[in-house]
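*Asks:* Quick note on my numbering: the sequence shown kicks off at 138 and runs consecutively. Cβ atoms here follow ideal geometry from the backbone N, Cα and C, with glycine treated the same way. Here the structure is a predicted model, which means the values were calculated and not measured.
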Amino acid sequence: MNGSKPFQQMGERTPDADVIVIGGGPAGVAAALELKARGIARVVILDREQAIGGAPRHCSHSPFGMREFGRVYFGPAYAKRLQREVLDAGVDIRLGHSVVELAQDGAVLVASARGVETLSARRIVLATGAREKPRSARLLPGDRPVGVITTGTLQSFVAFHGIMPFRRPLIIGSELVSFSALLTCLTHHARPVAMIEPEPEPLAWSAFQWFPRLFGVPFHCRATLADIRGRGRVEEADIRLADGRLLTVKCDGVLLTGRFTPEAALLDASSLDVAAGSAGAMIDQDGRMPNPVFFAGGNILRAVETGGWSFREGRRVGAAVADDLAREPCNTRAVPVTFADPLKLAVPAMLRPGGLDRPAFCDFQLRFARRVRGRLSLHLDGAEVWSRAGLWLPERRVLVPIPGAAFEASRIAFHFLETD
Ligand SMILES: Cc1cc2nc3c(=O)[nH]c(=O)nc-3n(C[C@H](O)[C@H](O)[C@H](O)COP(=O)(O)OP(=O)(O)OC[C@H]3O[C@@H](n4cnc5c(N)ncnc54)[C@H](O)[C@@H]3O)c2cc1C
C-alpha cells in the first residue's frame, strides 16, 4: 500500500456480501461460479456494463468457450451463456454499476443510476480485464482525422450498431487480436490494405503464417507507421518499411490492434498495488494482493490472454477465495519475484509463505519484452533450480512451474543470459 487515505471505511458494519467480484467477464464469472459451487452464500458481481460477458460480448466472431464449455461460441452467444450460468447459480448480479474506489478494508464505492453507494464484503475479487492502448498512448504521428480506432471500438461498432466504420483500413499489429480484427473486417465487407508489425516477426506466429496471405492482404514485418494524413477522415498513411523505404497506402482508416494493458485504473485510484512490469494487479500464488482482502484474476493480471485462459484463472482464484474465507486473511510477508530486462513481467509477482494448501497458480507466467536468444533460469536463495535455453519471442506466454521450495525461499529471482 502506498499509505494514502482511502475513502470512508465500513468500520464494524456487517459486510453486505461474502465476496464482491468486480467485473462480469469470463474471469469474474468463473470466480463467482466457483464460489457458489463451494457453498459461499452471498456472492455479488458488479459490472459497469448493462450485461454480463465482458470483452467477448463485443466480439462478433468465434472462437470462445471451447475450454470451459466444450463448444465453440461467437462472442455475444458466449456472453449470454456466461450470464445464464451466473443467474442459474444464484449470483447477485448488479449491472450498470461502476466501481470507482476501494477502501483498504473491502469497502467498495459504487456509482450507478441510483447514485453513489458503499458496499462491503469479506473478500473482493478484481476482474476488470484489459484494454488496448489508444492512439494517444502510442504516440503516433500525423493528422488527427476520424477513423483511427482500436479493435475493441471496431468490435463494438459492429456488434452493437451494425456499422463497419471503414472499407480500406490499415491494420497495425500482429497479435491474436489483430487476427480477430482482420477477420471482423473481412466478414463485414472491409478489405484491409495492409497489416504492419514493428517486430521482426508476427507476434501471433501461427495465425500470421498463412492468414493474411490467404486473403491477399500484404503483411510487413519491421514496419512502422510514419504518418497519417487526412482532412475530416483518414485518406492515406506512410509506412516505413524494413529497408527504410517509405510506402504510401491509400486507406480510409487505421486500426490499432493489441498492445493491451491491464485495466488497473481502479487500483491506482484506490492505492492498491500495481506490479512493475505487468502494470496489473500484484498477486501471490493464491491470487491474493498485498492487502489480503483483495484477490485478482483474468486479464487484470497481465495483458492479454484468451477468454478460456481467463475463465480458468478466475475459477482457480474463486476456489482460493472460498478456501481463504474459512480462515483469517493471510497477512504473512510476501517475497517479491525479481527479474530484469529482457523479461517484462512475472505473474505471480510475489510468493507468500503460509498460503493455501492448493494454490491458484502452479506456474509463473512470464513474458519477454523483445525477441531474444539465451538461457532463462530461476534461482531460490541464490541457487539455480530451473533453466531452459532457446529463442524467446515478445508477448508469448512462458510458463515455469513454481517449485515447492519457492514458498520457503527468502529470495526468488529470474536471470537471463543472452547468447547473441
Ligand atoms: C477484440 C478482442 C477480440 C478477442 N477475441 C478472442 C477470441 O476470439 N477468443 C478468445 O478466447 N479470447 C478473445 N479475446 C480475449 C478475451 O476477450 C479475454 O481474454 C477475456 O475477455 C478476459 O476476461 P476478463 O474477465 O479478464 O476481462 P473482460 O472480459 O475484459 O471483463 C472485464 C469486465 O470488467 C468490467 N469492469 C471494468 N472496470 C470496471 C469497474 N471499475 N467497475 C465495474 N465493472 C468494471 C468491464 O465492464 C468488463 O465487463 C479477445 C479480446 C478482444 C479485446
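Do valine 283 and leucine 307 have their CB atoms nearer than 8 Å?
*Replies:* no
*Asks:* Glycine 444: which of Val156, Gly162, His326, Ala497 sits nearest, CA to CA?
*Replies:* Gly162
*Asks:* Using a Cβ-Cβ cutoff of less than 7 Å, which residues in the same chain neighbour glutamate 336 once the five nearest sequence positions on both sides are dropped?
*Replies:* Cys358, Arg508, Pro531
*Asks:* According to DSSP, is glycine 511 helix, strand or coil?
*Replies:* Glycine 511 falls in the strand class under three-state DSSP.
*Asks:* Going by C-alpha distance, which of Gly160, Ala418, Ser315, Val472 is nearest cysteine 196?
*Replies:* Ser315
*Asks:* Excluding the 5 residues preceding and the 5 following alanine 296 in the sequence, name in chain order all residues of the same chain whose CB lies nearer than 6 Å to its CB.
*Replies:* His195, Ser197
*Asks:* Cα separation between proline 86 and phenylalanine 356?
*Replies:* Since the displayed the chain opens at 138 and closes at 557, residue 86 lies outside it and no answer follows.
*Asks:* Specify, as a first and last residue, the run of the alpha helix (DSSP H) that valine 295 falls within.
*Replies:* 288-298
*Asks:* What span of residues does the beta strand (DSSP E) with leucine 246 cover, start to end?
*Replies:* Counting along the chain, the unbroken beta strand (DSSP E) around leucine 246 starts and ends at 244-249.
*Asks:* Using 8 Å as the cut-off, can you tell me whether the stretch 398-417 makes contact with the stretch 477-493, which would need three or more C-beta pairs spanning the two stretches below that distance?
*Replies:* yes
*Asks:* Inspect the CB distances between the stretch 367-386 and the stretch 242-259 and report whether three or more fall short of 8 Å.
*Replies:* no
*Asks:* Write down every uninterrupted run of the alpha helix (DSSP H) in the stretch 180-214 whose length is 4 residues or greater and which is fully enclosed by it, in chain order.
*Replies:* Those alpha helix (DSSP H) runs which fall completely within the stretch 180-214 and span 4+ residues are 203-206.
*Asks:* Can you tell me the Cβ-Cβ gap for leucine 513 and phenylalanine 551, rounded? I've got them flagged as a contact below 8 Å.
*Replies:* 7 Å
*Asks:* For arginine 525, collect the residues of the same chain with a Cβ closer than 6 Å to its Cβ; drop the 5 residues on either side in sequence, then sort them by chain order.
*Replies:* Scanning its chain for C-beta atoms nearer than 6 Å, with the 5 sequence neighbours on each side dropped, one finds around arginine 525 the residues Leu513, in chain order.
*Asks:* Helix, strand or coil for glutamate 450 per DSSP?
*Replies:* helix
*Asks:* Using 10 angstroms around the beta-carbon of alanine 542, count the other beta-carbons present and answer buried if the total reaches 16, otherwise exposed.
*Replies:* The residue in question, alanine 542, is exposed, as its Cβ has fewer than 16 Cβ neighbours within 10 Å.
*Asks:* Over what stretch of residues does the beta strand (DSSP E) that includes leucine 383 continue unbroken?
*Replies:* 383-387
*Asks:* Could you tell me which of Glu222, Trp347, Ile157 sits nearest to isoleucine 189, measuring between CA atoms?
*Replies:* Glu222
*Asks:* Tell me the residue span of the beta strand (DSSP E) that contains proline 352.
*Replies:* The residue asked about is misnamed: residue 352 is phenylalanine in this sequence, not proline. Counted as a single uninterrupted DSSP element, the stretch harbouring phenylalanine 352 is not any beta strand (DSSP E), since DSSP gives it neither H nor E.
*Asks:* State the start and end residues of the unbroken alpha helix (DSSP H) segment that holds arginine 272.
*Replies:* 272-275
*Asks:* Take leucine 319 as the anchor and find which of Thr287, Val228, Gly369 has the nearest alpha-carbon.
*Replies:* Thr287
*Asks:* For glutamate 521, which option in Ala546, Arg510, Glu269, Gly207 has the closest C-alpha, if you only look at C-alpha atoms?
*Replies:* Ala546
*Asks:* Going by DSSP, what residue range makes up the alpha helix (DSSP H) through glycine 390?
*Replies:* From DSSP, glycine 390 is part of no alpha helix (DSSP H) but of the beta strand (DSSP E) over 390-393.
*Asks:* Among Ile230, Asp405, Thr398, which has the Cα closest to the Cα of alanine 240?
*Replies:* Asp405
*Asks:* Would you say the beta carbon of proline 200 is closer than 7 Å to some non-hydrogen atom of ligand 1?
*Replies:* yes
*Asks:* Whole angstroms is fine: what's the gap from isoleucine 159's alpha carbon to leucine 219's?
*Replies:* 15 Å
*Asks:* Mapping DSSP to helix, strand and coil, what is glycine 435?
*Replies:* helix
*Asks:* Please list the terminal residues of the continuous beta strand (DSSP E) segment that includes alanine 267.
*Replies:* 267-269
*Asks:* Pull up the DSSP beta-bridge partners for isoleucine 333, would you.
*Replies:* Ile309, His357
*Asks:* Taking the beta carbon of asparagine 468 as the centre, do at least 16 other beta carbons fall within 10 Å, making it buried, or is it exposed?
*Replies:* exposed
*Asks:* Pull up the distance between the alpha-carbon of proline 427 and that of alanine 471, whole angstroms please.
*Replies:* 8 Å
*Asks:* Could you name the residues that DSSP lists as bridge partners for aspartate 364?
*Replies:* Asp375
*Asks:* If we ignore side chains and look at the alpha-carbon of each, how far apart do proline 302 and alanine 274 end up?
*Replies:* 22 Å
*Asks:* Can you tell me which of the three DSSP states phenylalanine 316 falls into?
*Replies:* Residue state, collapsed to three classes: helix.
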